[in-house]
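Below you'll find the structure, written out as structure tokens, and then a few comments.
Numbering (full-length UniProt numbering), first residue to last: 1 to 311.
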């Protein structure tokens with residue numbers, strides 16, 4: 001039996017950019033330390049931003065010049081994994097003793113990825129997960145991850161894995177993560193709908209794992225001095241809903257809505273085996289004689305250079 005505290009930091013990307021967002025994250029250091037959380041999960045696209053309502057000047061068959069300018073600005077606000085933002089978060093992890101799992105917009109040349117970073121108190125940045133399938137028009141601005149960035153890592157709260165936003169709806173991805181032994185399912189997101197809570201409870205119950213969902217919170221377009229087509233000026237762009245769920249689908253904390261804050265719950269990792277007594281999705285309930293999943297974890301670069309023996 002291992003009792004630990006886990007947490008979701010509900011916070012939004014600052015409209016003034018990644019430096020201001022980083023300051024906002026670091027402002028919660030005292031609260032994170034006081035919680036003694038072993039793991040803190042933060043939202044999707046927190047550093048780099050989620051430009052909800054933007055169209056980047058794209059029409060079917062052509063692009064507008066202002067869309068190129070918008071993408072250039074978005075690219076400039078993205079994060080390099082060896083950059084100062086990740087270094088600052090490594091310091092936060094070390095000082096607080098918490099493993100951090102958070103969403104960033106990762107810059108890799110001209111391409112951007114929606115990525116979850118895993119930052120360890122002792123080792124710093126230990127892994128990343130690139131979103132496998134951007135949703136809808138997210139594909140205009142983000143590349144697709146491959147099977148080489150689907151880590152499950154040890155932590156004081158159990159084995160960590162991450163699924164970003166609507167990746168949580170991918171049954172085969174979930175199965176692969178269950179097979180890797182994930183015990184604490186981290187779900188950075190910007191989905192603030194009520195049904196999202198049902199998805200989080202389902203995954204916890206299906207995977208017999210603890211789930212931490214961390215959602216951004218963003219004010220209304222009017223509060224930001226902008227308008228968004230098809231969106232009421234006074235309606236929050238993202239209202240939050242961060243929550244923590246136990247391995248039988250019980251909500252342990254949250255959902256927190258319409259405000260920034262730390263959602264915490266003390267868990268007992270011994271409950272994982274108790275929960276899997278009657279349902280183990282990749283063990284006695286998997287029927288491998290009928291179903292089989294093959295997962296390609298090799299990197300898939302656009303160009304692969306090989307040395308040929310010309311003798």
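Don't be surprised by glycine CBs; every beta carbon is placed ideally from N, CA and C.
These figures come from a predicted structure and were not determined experimentally.
Around the C-beta of residue 129, 16 or more other C-beta atoms lie within 10 Å, and the residue is accordingly described as buried. For secondary structure counted as the beta strand (DSSP E) over 3 or more consecutive residues, the region 96 to 174 holds these complete runs in sequence order: 99 to 108, 111 to 120, 124 to 130 and 160 to 162. By the CB criterion at 8 Å, residue 12 and residue 238 fall inside the cutoff. Residue 133 is not a Cβ neighbour of residue 177, given a cutoff of 8 Å. Put simply, of 41, 183 and 291 the residue whose alpha carbon is nearest the alpha carbon of residue 274 is 183. Collapsing the DSSP output to three states places residue 67 in a helix. Where residue 231 is concerned, there is no enclosing alpha helix (DSSP H), because DSSP gives it neither an H nor an E. The criterion of a C-beta distance shorter than 8 Å is satisfied by residue 260 and residue 217. Our two residues, residue 71 and residue 185, have alpha carbons roughly 32 Å apart in a direct line. Between residue 87 and residue 105, the alpha-carbon positions lie close to 15 Å from each other.
One thing to note: residue 230 has its Cβ no nearer than 8 Å to the Cβ of residue 243.
Nearest in C-alpha terms to residue 142, of all of 51, 228 and 42, is 51. 8 Å or more divides the Cβ of residue 152 from the Cβ of residue 200. The bridge partners DSSP lists for residue 244 are 212 and 253. Residue 183 sits in coil when the DSSP states are folded into three classes, being neither helix nor strand. Between residue 266 and residue 18, the C-beta spacing is not below 8 Å. Residue 149 sits away from residue 120, with the two beta carbons spaced by 8 Å or more. Secondary structure note for residue 261: its beta strand (DSSP E) is the uninterrupted segment 261 to 268.
In the three-state scheme derived from DSSP, where H, G and I count as helix and E and B as strand, residue 84 is classed as helix.
In the displayed model, residue 59 falls within a strand according to three-state DSSP. A distance below 8 Å separates the beta carbons of residue 160 and residue 101.
If you draw a straight line from the Cα of residue 288 to the Cα of residue 158, it comes to about 26 Å. Here residue 5 carries a strand assignment [DSSP, helix/strand/coil]. Rounded to the nearest angstrom, the gap between the Cα atoms of residue 298 and residue 35 is 38 Å.
Apart from the 5 residues on each side of it in sequence, residue 252 sits with its Cβ closer than 6 Å to the Cβ of 244, 246 and 265 in its chain, given in chain order. Around the C-beta of residue 113, 16 or more other C-beta atoms lie within 10 Å, and the residue is accordingly described as buried. Across the structure, residue 197 and residue 163 are spaced so that their CA atoms are roughly 15 Å apart. Residue 107 sits away from residue 127, with the two beta carbons spaced by 8 Å or more. When DSSP states are grouped into helix, strand and coil, residue 38 belongs to the strand group. In this structure, the beta-carbon distance from residue 31 to residue 262 falls below 8 Å.
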